[in-house]
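What follows is one structure encoded as structure tokens, with my remarks underneath.
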Amino acid sequence: MPLLLSLHLKTDTVFAVKPNLVVDFTPLKGDDKATFKLEYNIDLDPKGYKGKL
Numbered sequence: 043m044p045l046l047l048s049l050h051l052k053t054d055t056v057f058a059v060k061p062n063l064v065v066d067f068t069p070l071k072g073d074d075k076a077t078f079k080l081e082y083n084i085d086l087d088p089k090g091y092k093g094k095l
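Each residue of the sequence shown is one higher than the last, beginning at 43 in the numbering used here.
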């Protein structure tokens with residue numbers, strides 16, 4: 043993580059960055075337009091879903 047960005051994680055009072063939302067980018071090879079990749083899994087539930095969160 044770039045140093046400048048990591049400094050803001052500890053002082054961000056506006057957006058309240060939570061540790062579980064911080065992710066690691068990994069180097070990406072073989073792509074001329076990108077240098078990093080990110081895998082971020084999310085669950086989508088239908089509106090009104092009352093199941094386990």
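Cβ coordinates follow ideal geometry from the N, Cα and C atoms, glycine included.
Discussion item. Can you check which of these residues, D66, K92 and T53, is closest to N83 by C-alpha distance?
Written reply: What you label residue 83 is simply residue 41 of the sequence shown in a count that begins at 1. That would be D66, whose Cα lies nearest to the Cα of N83.
Worksheet item: L70 and T77: beta carbons closer than 8 Å?
Response: As a first step, residue 70 is located in the sequence shown; it is residue number 28 there, counting from the start. As a first step, residue 77 is located in the sequence shown; it is residue number 35 there, counting from the start. For L70 and T77, yes; Cβs fall inside 8 Å.
Worksheet item: Which residue or residues does DSSP assign as beta-bridge partners of K79?
Response: To locate residue 79, count along the sequence shown from 1; it is residue 37. T68, per the DSSP bridge assignment.
Worksheet item: Which of the three DSSP states, helix, strand or coil, is assigned to G90?
Response: Here residue 90 is taken as the residue at index 48 of the sequence shown, counted from 1. In the structure shown, G90 sits in coil (DSSP, three-state: anything other than H, G, I, E or B).
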